[in-house]
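Plus 7 on top of the position in the sequence shown (first one is 1) and you've got the working numbering. The block underneath contains the structure these notes are about, expressed in C-alpha cells.
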Amino acid sequence: MDCAKVGRLILHLRKERGLTQKNVADALNISNKTVSKWERGLGCPDVSLLAELSGVLGADMEKMLEGELDPNRPDNGNINRIRFYVCPACGNVLTSSNKASISCCGRKLVPLVPKEHLEHHVMTVEEIDIYNYISMDHEMIKTHFIRFIAYVGPDMVLLKRLYPEQSANIYIPVMGRDGKLYGYCSRHGLWVQSMHPKEGAVYDE
Numbered sequence: 008m009d010c011a012k013v014g015r016l017i018l019h020l021r022k023e024r025g026l027t028q029k030n031v032a033d034a035l036n037i038s039n040k041t042v043s044k045w046e047r048g049l050g051c052p053d054v055s056l057l058a059e060l061s062g063v064l065g066a067d068m069e070k071m072l073e074g075e076l077d078p079n080r081p082d083n084g085n086i087n088r089i090r091f092y093v094c095p096a097c098g099n100v101l102t103s104s105n106k107a108s109i110s111c112c113g114r115k116l117v118p119l120v121p122k123e124h125l126e127h128h129v130m131t132v133e134e135i136d137i138y139n140y141i142s143m144d145h146e147m148i149k150t151h152f153i154r155f156i157a158y159v160g161p162d163m164v165l166l167k168r169l170y171p172e173q174s175a176n177i178y179i180p181v182m183g184r185d186g187k188l189y190g191y192c193s194r195h196g197l198w199v200q201s202m203h204p205k206e207g208a209v210y211d212e
C-alpha cells in the first residue's frame, strides 16, 4: 500500500464530501491527528478501518487500497451502451450506461453479455391501444424463471422485475419501433431481441 497515494486520495475525498478531519475521526472513533497523519502520507489506515473509512468517504475499498479512483471519461448518455448486472447472491439487478465498478454482497460484478439467439426465449409484442403487451411462454418457478424484462430505447430504459409464480408478461407504453428488448432468465442468462422478431422465431443457442 503506497501511503502517499492513499493519503492524497483520502484528502481529496474528504474535501469532496465537505468533511473536516474531525468529522472523519469522529466517525471512525480515532483522533484527528491520525487522519492528518494519513493525509500527509506518514502512515496508512489500519486494515480493520478500511471498510468503515471507505463508507465515510464514499469510495470503493479496493480503490482506497490502490490510492486511485480511475475515473471514467464523462458519460455521453448513450443508453444503447447499457450494461446489466445481476448479483449471484441476492439477485439484485443493477444497470450502468458506461463502464463502472459495481459490487454487491461483497462481490465485484461484471456486466452480463447478452445472447442474440437463445433457444425457447422469444418475447412476442402485441400493440393494444397505447400499450405494448410483451409476453413469452416460459415457466416461472423458483429454480427457473424470468427475473426481468427491459425495454431500451434511444434515450430511456424501462425495466420490470418479475418473480416466481407470476406470469412472464408485462405492459409498457408504446414508444416506437427502434428499441430493443432484454430478458434475463435465472438459468440461461441475458438475451436481447428486436421489439418485433420474425413471427415463429425460435432461436438456437
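C-beta: ideal position from N, C-alpha, C; glycine also.
| Asked | Found |
| --- | --- |
| Beta carbon of residue 100 nearer than 8 angstroms to that of residue 194 | no |
| Runs of beta strand (DSSP E) wholly within the stretch 127-209 (minimum 3 residues, chain order) | 131-135, 138-142, 153-159, 164-168, 176-180, 187-192 and 196-201 |
| CA nearest to the CA of residue 11, picked from 64, 87 and 50 | 50 |
| Through-space distance from residue 9 to residue 150, alpha-carbon basis | 46 angstroms |
| Top-ranked residue by Cα proximity to residue 162, from 28, 34 and 86 | 86 |
| Residue 166: CB within 7 angstroms of a non-hydrogen atom of the ligand SAH | With respect to the ligand SAH, the structure offers nothing, as it holds no ligand at all. |
| For residue 200 and residue 130, believed in contact at Cβ under 8 angstroms, the rounded distance | 6 angstroms |
| Cβ-Cβ distance between residue 157 and residue 189 below 8 angstroms | yes |
| For residue 127 and residue 145, the rounded distance between their alpha carbons | 8 angstroms |
| Candidates 105, 111 and 37: closest to residue 93 by CA position | 111 |
| Other residues of its chain near residue 72: CB distance less than 8 angstroms, five sequence neighbours each side excluded | 8, 13 and 57 |
| Bridge partners - residue 22, DSSP secondary structure assignment | BP columns for residue 22 are empty, so no partner. |
| Residues near residue 42 by beta carbon distance below 7 angstroms, same chain, minus five either side | 28, 31 and 32 |
| Strand pairing of residue 101, partner residues [DSSP] | 92 |
| Where residue 15 falls: helix, strand or coil (DSSP) | helix |
| For residue 10, three-class secondary structure by DSSP | helix |
| Residue 133 classed as buried or exposed, judged by whether at least 16 other C-beta atoms fall within 10 angstroms | exposed |
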